[in-house]
Structures are given as C-alpha cells and as structure tokens.
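Chains as they are written, first to last, in my numbering: chain Y, 1 to 246; chain D, 247 to 492. Heads up, the beta-carbon is just placed ideally off N, CA and C, and yes, glycines get one too. First up is the structure itself, then whatever we jot down about it.
There are 2 protein chains.
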Amino acid sequence: MRAGDDLPALITAAALELRDGDVLVIAQKVVSKAEGRVRALADVVPGPKAVALAGDFDKDPRLVQLVLDESAAVVRVGHGVLICETRHGFVCANAGVDLSNSGDEGVAVLLPLDPDASARRIRAALSAKAELTPDSGVNSDLVRVGVVISDSFGRPWRLGVTDVAIGAAGIEVLEDWRGRRDVHGRELRATEIAIADQLAAAADLVRAKDSGEPVVLVRGAERFVTSEDGPGAAALRRPRDLDLFR
Amino acid sequence: MRAGDDLPALITAAALELRDGDVLVIAQKVVSKAEGRVRALADVVPGPKAVALAGDFDKDPRLVQLVLDESAAVVRVGHGVLICETRHGFVCANAGVDLSNSGDEGVAVLLPLDPDASARRIRAALSAKAELTPDSGVNSDLVRVGVVISDSFGRPWRLGVTDVAIGAAGIEVLEDWRGRRDVHGRELRATEIAIADQLAAAADLVRAKDSGEPVVLVRGAERFVTSEDGPGAAALRRPRDLDLFR
C-alpha cells in the first residue's frame, strides 16, 4: 500500500462480493498508507521536549517528536510508552504512531487525519462498486455496507491489546439501551454498548499480525448497519468531563 | 437460573452439539446465579462508609455495602459509579455487583468467587458430555472446547461497554507476539493480544441484552483452544506495578 493507492478498488479486486448488511473492518495502517500519512524519521528534527522524553525512554527522539506532533495532550508517561490524547480525541499509546508494518525501515505510520471521513469515503466507493457488480444478486438500491477502521489499543488494568474502532461509517457505533429493560423487566445497567469496538475486536480474531491481511469481512451483523453514515467513531470518545481517568 | 442449577447440562440440553475447537462464551450472570452468588438487599446492613457514599450518589446504601464487600480497593468515585478493584483483581464499575437481569426485584448478582475455576468446571463438564454424544461425529479424544465467562465492562476514555473475559479455561487468553515480526520482518509493536476479551466482544454482537440468551457458541476460533485449562482470565489482569492508572 502506497500513498494514492485506491483502497476500495483493491478491496473489490480481492474478490469480495459485497452483500447488503456486510461490514468491512479495515486496519488503520493501510488506510493511513493510502492517504500518505507516513513520515520518514530522517525528515524529523526533534525539539528539546522530545529529546528529553526520548532519553528517559531509550527511544528515537525523532519518533517521540512525531508522537508529540500528533498529540493534543500527554495523559501519562511510563513503562516505555507515552499515553497520549490524539488530536482527534482518542487516548492511546504513542498517539497511534507506529514503526511496525510500515513497509519501510525508518518510516512511521500516523493515524489518518480524520478516520471517520476516511471511513465515509471508503464506504461511498465500496457502495458504488457494489452497485456495479452484475452478479451480486441483490437489488443495488439495497446494498448498504458498514465500514470500520480499526487499530490495536492497550487498556488500563488489563494486559494485551484489543482492536477498537477509530473510524466508522454506516455503523450503529453505540447501541443505546438507556431506559430499556432486561428480560425480567428491570432497567438495564449496561446502557450503551460499543458495537463498533466489538466489531473491530471480532474481526481481529480471524487474522494474524504477520499475515498482511488488512481487511476482514464481517457477515451477519446487518442489524448494526445503517443507511446513513452516522456519527462515526467520534461518538465513542468519552468527553473529558465524563472521564475519571484524565 | 437458580443456585444449584446444572449449567453445563442446560447448555447441552439447548441442542448444542459441541465440536472440537468450539468456544462457549457464557454470560457471568448465569454462572453467578447457578453458583448462588446472589444477595437480597433486604439481608444487607450497610455500614457508615456505604451510607456516606450512597448519599453522594443517590444509591441504595445496601447495594453500596455489597460493592464495598466485593472490593479490594476503590480506584475512583464519580459519575454515579464506584470504579473498584475486585477481590480477584479486576477493575470495573461497582465491583461487578448488579441488580439487572437478576430475575428478582431487590436481589443483586455478584461476580463468581473464582471465575477461572468456574470456567474450568464448566469446561470439564461440557467435555465429558461431548464425549457421550453418540452422533457428534468426532473422536471423543479430540473434543477440546474452550470456555469464556464474560461480563460487560466500561472503559476509561471511550464510551460504551464491551464484553471482556473474567474467566476462561482451555483458551489462549493472551496471544504472545513478543519478538515476532511483521510481514515486512520488522518487530511488532502489538506484543500481546487479548484473545479472550476479543472472543467475549465477538460473542456479545450476536445477542441482545434483553434476549435472555446467556451462552454463545463461537465456531472457527479453534486456533485459540488449548488442550490444557491454562492460566485463565487471571492472566489478563495487569499487575499494579505495570499499571499507569491505579
């Protein structure tokens, strides 16, 4: 994947025949690369803050500078990572800046500038292509697909990363159960369910990190696919004033 | 589900014909109920700390007392919840104590005392029953099933709950990629993947909170099913000294 590559065309060419209600979970890294969101470390001049932090961490100061550039705030520092709030408002290690799977030594991949906009663009392109598939066997008017852009985030309190949604289009990202009742008629505790994050996690189970498989088709989740693009993964960001850990 | 009910027998009776490599994701609530981990609020006498906290929160002081009883530490207080570290070492809202889906008004459900032991017991019983199924079409020696006990936890920084594993048996709960390389030969950033949590999240997508469907069969995840019971969901607890948010 290189800057300018047509990701939806590549997905379609990978012999996916999209059906109404399909969800495509796409790894952030290929979206970022197609959008040119990569930086060669050789082109980065670290400032004094990056140099100081890099010394504490035994990291490349140029990489730390990229992390700071991507961050609206540094939430915590320790254990070899900077936990940052990205400019989009996601909280994750190193503001999502990563050297692995970049395809080139010394090249860092950054998160897309607006992952929900990326998801909307991909969704529109895939929907258009789905309509052109002559043997899809569906009424082209009915082809609604959902798109989730996923990345692997760590969590406080629990070991291991899980995949979450950083971008989404055509997905009910949060299922709202507020005021609804359980099977016994009692009001539910779990008021909102992070559907888009669970779709990302489910998709991650079917690929290996070294497999070079950036797209997973999820079938059977049509009840979460919407006609409209919807609010995207931005709706999953917990506002600061509702957050006990910032 | 009532105390003493035979959960594995009920699962088997629900017409599941288990195959080698199947994973069963079981909602914590039915496990707790079968184990008698319920408390009638009428039987709880709140202490002064519970009364004070309940006043701040507009909650039932008896419910707060149950939460405190289940907690090794209170991590944060605010927004109508106590974020607690349970006696098992999980960090979650209200120490997992919940009034919804309990089946009885005024009855709270607590987390199992040892959810990994619960998972091991269920696994053993299901494996034995699978061997007795005459038409299963598999060599009984090969029937290995995995068991995950799931609960819905909130997260810092992100809205919505996702299902996570609080108990597990026969599952590679953490997939270890440390030292392994990406498709380009570069060392990976995502070093450990929380497989059991992702299985719980995937399972939650196929049921609704009001459906009374406590068990989900996950097929196709056999690469994560192990012959041994393994370390269980205890392996997902981040040690305090590796945690930046406690």
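Would you list the residues sitting across from L488 (chain D) in a DSSP beta bridge?
Your numbering for residue 488 (chain D) matches position 242 in the second sequence. The partner list for L488 (chain D) (beta bridge, DSSP) is empty, contrary to what the question assumes.
I'd like to confirm the pairing. Which residues does DSSP put opposite F153 (chain Y) in its beta bridges?
Within the first sequence, numbered from 1, the residue matching residue 153 (chain Y) stands at position 153. Answer is Y:T162, bridged to F153 (chain Y).
Spell out whether any CB of chain D is found under 8 Å from the CB atom of H79 (chain Y).
Translated into the one-based positions of the first sequence, residue 79 (chain Y) becomes position 79. Put simply, the CB of H79 (chain Y) is near chain D, with a gap under 8 Å to one of its CB atoms.
Which residue from Y:G167, Y:S152 and Y:E213 puts its Cα closest to that of R237 (chain Y)?
Start at 1 with the first residue of the first sequence, and residue 237 (chain Y) comes out as number 237. For R237 (chain Y), the nearest C-alpha among the options comes from Y:G167.
Give me the chain D residues within the contact set of E192 (chain Y), using Cβ-Cβ distance strictly less than 8 Å, ordered along the chain.
The residue you call residue 192 (chain Y) lines up with position 192 of the first sequence. Residues of chain D passing the Cβ test: L405, G406 and V407.
Chain Y beta carbons: is any one of them nearer than 8 Å to that of I329 (chain D)?
Taking the second sequence and counting its residues from 1, the one referred to as residue 329 (chain D) is at position 83. Chain Y, which has a Cβ nearer than 8 Å to the Cβ of I329 (chain D), makes this yes.
Taking just the CA atoms, how far does T191 (chain Y) sit from V148 (chain Y)?
Stepping through the first sequence from its first residue, residue 148 (chain Y) is reached at position 148. Stepping through the first sequence from its first residue, residue 191 (chain Y) is reached at position 191. Rounded to the nearest angstrom, the two C-alpha atoms are 22 Å apart.
Helix, strand or coil for S317 (chain D) per DSSP?
For this step, residue 317 (chain D) is matched to residue 71 along the second sequence. Correct three-state label for S317 (chain D): strand.
Outcome for G476 (chain D) when other beta-carbon atoms lying within 10 angstroms are tallied against a minimum of 16:
Taking the second sequence and counting its residues from 1, the one referred to as residue 476 (chain D) is at position 230. With 16 or more other Cβ atoms within 10 Å, it is buried.
What does a CB cutoff of less than 6 Å around C84 (chain Y) pick up in its chain, not counting 5 residues either side in sequence?
Locating residue 84 (chain Y) in the first sequence gives position 84, counting from the first residue. The residues are S71, V74 and A95.
So who's on the other strand from T332 (chain D), going by DSSP bridges?
Stepping through the second sequence from its first residue, residue 332 (chain D) is reached at position 86. Its beta-bridge partners are D:S317.
Comparing alpha-carbon positions, which option in D:S398, D:I417 and D:F336 lies nearest D268 (chain D)?
Against the second sequence, residue 268 (chain D) aligns to sequence position 22. Comparing Cα-Cα distances from D268 (chain D) to each of D:S398, D:I417 and D:F336, the minimum goes to D:I417.
Cα-Cα separation, E228 (chain Y) to V145 (chain Y)
Position 228 of the first sequence holds residue 228 (chain Y). Position 145 of the first sequence holds residue 145 (chain Y). Answer to the nearest angstrom: the Cα atoms are 10 Å apart.
Tell me the rounded alpha-carbon separation between D43 (chain Y) and L99 (chain Y).
Numbered from 1 along the first sequence, position 43 holds the residue referred to as residue 43 (chain Y). Numbered from 1 along the first sequence, position 99 holds the residue referred to as residue 99 (chain Y). Annotation: D43 (chain Y) to L99 (chain Y) spans about 15 Å, alpha carbon to alpha carbon.
DSSP state of D6 (chain Y) mapped onto helix, strand, coil:
Within the first sequence, the letter at position 6 stands for residue 6 (chain Y). Here D6 (chain Y) sits in coil by DSSP.
Go ahead and label P485 (chain D) buried or exposed: buried means 16 or more other beta carbons lie within 10 angstroms of its beta carbon, across all protein chains shown.
Working through the second sequence from its first residue, we reach residue 485 (chain D) at position 239. By the 10 Å Cβ count, P485 (chain D) comes out exposed.
Interface flag, Q311 (chain D) vs chain Y, CB-CB below 8 Å
Residue numbering aside, residue 311 (chain D) sits at position 65 when the second sequence is read from its first letter. Cβ-Cβ to chain Y under 8 Å: no for Q311 (chain D).
Proximity winner among D:A480, D:V407, D:A280 and D:L420, relative to V471 (chain D) (alpha-carbon distances)
Against the second sequence, residue 471 (chain D) aligns to sequence position 225. Of the candidates D:A480, D:V407, D:A280 and D:L420, the one whose C-alpha sits nearest the C-alpha of V471 (chain D) is D:L420.
Would you say F303 (chain D) reaches chain Y, if we count a Cβ-Cβ gap shorter than 8 Å as a contact?
For this step, residue 303 (chain D) is matched to residue 57 along the second sequence. F303 (chain D) does not count as touching chain Y.
Just to confirm before moving on: does the CB-CB distance between P156 (chain Y) and L490 (chain D) stay below 8 Å?
What you label residue 156 (chain Y) is simply residue 156 of the first sequence in a count that begins at 1. What you label residue 490 (chain D) is simply residue 244 of the second sequence in a count that begins at 1. In contact: P156 (chain Y) and L490 (chain D) (Cβ atoms closer than 8 Å).
Along the region 462-490 of chain D, where does the CB come closer than 8 Å to a CB of chain Y? Name the residues.
Listed by position along the chain: G466, A467, F470, A481, L482, R483, R484, L488, D489 and L490.
Relative to the alpha-carbon of K295 (chain D), which residue among D:V284, D:L287, D:P307 and D:R285 has its alpha-carbon at the smallest distance?
Against the second sequence, residue 295 (chain D) aligns to sequence position 49. Checked all of D:V284, D:L287, D:P307 and D:R285; the closest Cα to K295 (chain D) is D:P307.
In chain D, which residues lie less than 8 Å from A201 (chain Y) when you measure between Cβ atoms?
Here residue 201 (chain Y) refers to the residue found at position 201 when the first sequence is read from its first residue. Near A201 (chain Y) (Cβ distances below 8 Å), the residues of chain D are T408, D443, Q444, A447 and A448.
Contact belief for L451 (chain D) with A221 (chain Y) at Cβ below 8 Å, rounded distance in angstroms
Counted from its first residue, the second sequence places residue 451 (chain D) at position 205. Counted from its first residue, the first sequence places residue 221 (chain Y) at position 221. That pair is a contact at about 6 Å.
For L420 (chain D), the first and last residue of its enclosing beta strand (DSSP E)
To locate residue 420 (chain D), count along the second sequence from 1; it is residue 174. Where L420 (chain D) is concerned, the enclosing beta strand (DSSP E) stretches over L420 to D422.
Which residue marks the beginning of the beta strand (DSSP E) containing V216 (chain Y), and which one marks its end?
Mapped onto the first sequence, residue 216 (chain Y) falls at position 216. V215 to V218 is the span of the beta strand (DSSP E), which, as asked, contains V216 (chain Y).
Identify the contact partners of L264 (chain D) in chain Y, using a Cβ-Cβ distance below 8 Å as the criterion.
On the second sequence, position 18 is the one that residue 264 (chain D) refers to. Here the premise fails: no neighbours, minimum Cβ distance about 19 Å.
Could you have a look at V45 (chain Y) and say whether DSSP puts it in helix, strand or coil?
Taking the first sequence and counting its residues from 1, one reaches residue 45 (chain Y) at position 45. Correct three-state label for V45 (chain Y): coil.
Close-in-space but distant-in-sequence residues of the same chain around A14 (chain Y) (CB under 8 Å, 5 per side omitted)
Along the first sequence, read from residue 1 onward, the residue named residue 14 (chain Y) stands at position 14. Exclusion of the five residues before and after A14 (chain Y) leaves V215 as the residues of its chain whose Cβ lies within less than 8 Å of its Cβ.
For a cutoff of 8 Å on Cβ pairs, would you count L314 (chain D) as touching chain Y?
Walking along the second sequence from the start, residue 314 (chain D) turns up at place 68. Output row for L314 (chain D): interface = no.
CB-CB under 7 Å to L253 (chain D), same chain, minus the five flanking residues each way: which ones, in chain order?
Here residue 253 (chain D) refers to the residue found at position 7 of the second sequence. Answer for L253 (chain D): V276, V277, A280 and I368, listed in chain order.
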